[in-house]
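Note sheet for the following structure.
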Amino acid sequence: MYNWIDALADLQSQGEPCVLVTIIEELGSTPRNAGSKMVISAHQTFDTIGGGHLEYKAMQIGREMLASGKQDTHLERFSLGASLGQCCGGVTVLLFEPMGQVQAQIAVFGAGHVGRALVPLLASLPCRVRWIDSREAEFPEQIPHGVRKIVAEEPVDEIDNLPAGSYCIVMTHNHQLDLELTAAILKRNDFTYFGLIGSKTKRVKFEHRLRDRGFDSDVLQRMRCPMGIGEVKGKLPVEIAVSIAGEIIATYNANFGQQTASAGSSIAKLLPASRRSQASN
Numbered sequence: 004m005y006n007w008i009d010a011l012a013d014l015q016s017q018g019e020p021c022v023l024v025t026i027i028e029e030l031g032s033t034p035r036n037a038g039s040k041m042v043i044s045a046h047q048t049f050d051t052i053g054g055g056h057l058e059y060k061a062m063q064i065g066r067e068m069l070a071s072g073k074q075d076t077h078l079e080r081f082s083l084g085a086s087l088g089q090c091c092g093g094v095t096v097l098l099f100e101p102m103g104q105v106q107a108q109i110a111v112f113g114a115g116h117v118g119r120a121l122v123p124l125l126a127s128l129p130c131r132v133r134w135i136d137s138r139e140a141e142f143p144e145q146i147p148h149g150v151r152k153i154v155a156e157e158p159v160d161e162i163d164n165l166p167a168g169s170y171c172i173v174m175t176h177n178h179q180l181d182l183e184l185t186a187a188i189l190k191r192n193d194f195t196y197f198g199l200i201g202s203k204t205k206r207v208k209f210e211h212r213l214r215d216r217g218f219d220s221d222v223l224q225r226m227r228c229p230m231g232i233g234e235v236k237g238k239l240p241v242e243i244a245v246s247i248a249g250e251i252i253a254t255y256n257a258n259f260g261q262q263t264a265s266a267g268s269s270i271a272k273l274l275p276a277s278r279r280s281q282a283s284n
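Residue numbering for the sequence shown follows the numbering used here, beginning at 4 and increasing consecutively.
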């Protein structure tokens, strides 16, 4: 059988989200002991926590977490006989841990100095990055893991291929191309974040031209220009890149939430009554 640890490593290397399920407590007659694990992906399972209705319920919960993009860990207590109708009548507590969830789909238009500083930072986050430019020679020889290089003669055409909710970053070598990309992104208007590199003066000029094309103020206000965290000063490519990456992180954290619960107290509530006193000591 393909064991859980190899499956987890393979899925993470492929960038495929999954849920790691662990038996953290068992009492009485149960199919497997505490510490047993299985991995659940969208279409497969690896290893086992004992089979039967318990495993079916674990798969159902794990796939619901994957479908919803839930990031928080989850604990659930099962009475195997009373709730699941299994002949072994013990109690099992399962811990569900999301692994490898992608928090942002990011499109970076432009492989210039700032793009080359920014993309490796984004690649180290729980993100998937499309890196788009018409100039193949501008890309580095080594593309970071998790980044898809796209050499497009017409970068604007790539806007139609982006998933809804994408994070769009425009920083090309050409102001007219920046304008056309901006218009295409704002026309879709289904992005989570859109940042345009440039000054306040560039923003004023772009807003004027975009209003002439029929864009209203509410849509234009969704554009971040200048983009990045204002407190991060500096004009070096890496300084600008850190500022932009910080704003991306702040945005996806706000969207997904960074709620952390006290694992100890949650576990104690789910333990069989005979074990709660031990957990609180």
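We put the beta carbon where it would ideally sit given N, CA and C, even for glycine. On a predicted model such as this, the values are computed, not experimentally measured, just so you know.
For residue i, is the classification buried or exposed, using 16 other Cβ atoms within 10 angstroms of its Cβ as the cut-off for buried?
| i | result |
| --- | --- |
| Thr204 | exposed |
| Ala85 | In this prediction, Ala85 scores a pLDDT of 47, lower than 50, which makes its location untrustworthy; the coordinate-derived value is nonetheless stated afterwards. Flag for Ala85 reads exposed. |
| Ala244 | buried |
| Asp1 | The structure shown does not extend to residue 1, since the chain is modelled only from 4 through 284, so no value can be given for it. |
| Tyr170 | buried |
| Leu11 | buried |
| Lys238 | exposed |
| Lys40 | buried |
| Asp163 | exposed |
| Asp9 | exposed |
| Gly65 | buried |
| Ala37 | exposed |
| Ala140 | exposed |
| Ala114 | buried |
Among the residues of its own chain, which have a CB less than 6 Å from the CB of residue i, if the five just before and after it don't count?
| i | result |
| --- | --- |
| Ile135 | Phe112, Ile153, Ala155, Pro158 and Glu161 |
| Cys130 | Ala107 and Ile109 |
| Glu250 | Gly231 and Ile232 |
| Leu165 | Ala110 |
| Met102 | Cys21 and Leu23 |
| Gly198 | Ile172, Arg227 and Met230 |
So for residue i, helix, strand or coil by DSSP?
| i | result |
| --- | --- |
| Ser82 | strand |
| Ala114 | coil |
| Met174 | coil |
| Leu14 | helix |
| Gln63 | helix |
| Phe209 | helix |
| Gln262 | Confidence is the limiting factor: at Gln262 the pLDDT is only 38, short of 50, which leaves the residue's position unreliable and the question unanswerable from this model. |
| Thr51 | coil |
| Ile200 | coil |
| Arg119 | helix |
| Glu58 | helix |
| Met102 | strand |
| Val222 | helix |
| Glu29 | strand |
| Thr254 | helix |
| Ala155 | coil |
| Ala186 | helix |
| Val235 | coil |
| Arg216 | coil |
| Met230 | coil |
| Gln74 | coil |
| Leu97 | strand |
| Gly88 | Note on Gly88: pLDDT 48, under 50, position unreliable in the model; the coordinate value appears next. Three-state DSSP puts Gly88 in coil, outside helix and strand. |
Under 9 Å between the Cβ atoms of residue i and residue j?
| i | j | result |
| --- | --- | --- |
| Cys228 | Arg206 | yes |
| Leu98 | Phe81 | no |
| Arg133 | His176 | no |
| Glu28 | Thr76 | no |
| Ala187 | Val150 | no |
| Ser44 | Glu19 | yes |
| Gly31 | Gly72 | no |
| Gln104 | Leu69 | yes |
| Ile52 | Leu128 | no |
Could you name the residues of the same chain whose beta carbon sits closer than 8 Å to that of residue i, not counting the 5 residues immediately before and after it, in chain order?
| i | result |
| --- | --- |
| Ser16 | none |
| Gly54 | Pro34 |
| Leu223 | Leu189, Glu210, Leu213 and Arg214 |
| Leu124 | Ala244, Val245 and Ala248 |
| Gly168 | Gln108, Asp193, Phe194 and Thr195 |
| Arg62 | Checking the sequence shown, residue 62 turns out to be Met, not Arg. These residues qualify, in order along the chain: Ile43 and Thr48. |
| Trp7 | Leu23, Lys40, Met41, Val42, Phe49 and Asp50 |
| Val235 | Glu242, Val245, Ser246 and Gly249 |
Excluding five sequence neighbours on each side, which residues of the same chain lie with their C-beta closer than 7 Å to the C-beta of residue i?
| i | result |
| --- | --- |
| Asn192 | Val222 |
| Pro143 | Arg119 |
| Val117 | Met174, Ile200, Pro240, Ile243 and Ala244 |
| Glu100 | Val22, Leu23 and Thr76 |
| Leu182 | Phe209 and Arg212 |
| Ser202 | Pro229 |
Beta carbon of residue i: closer than 8 Å to some heavy atom of the ligand ATP?
| i | result |
| --- | --- |
| Asp75 | In the structure on display, the ligand ATP does not appear, and there are no ligands present to speak of. |
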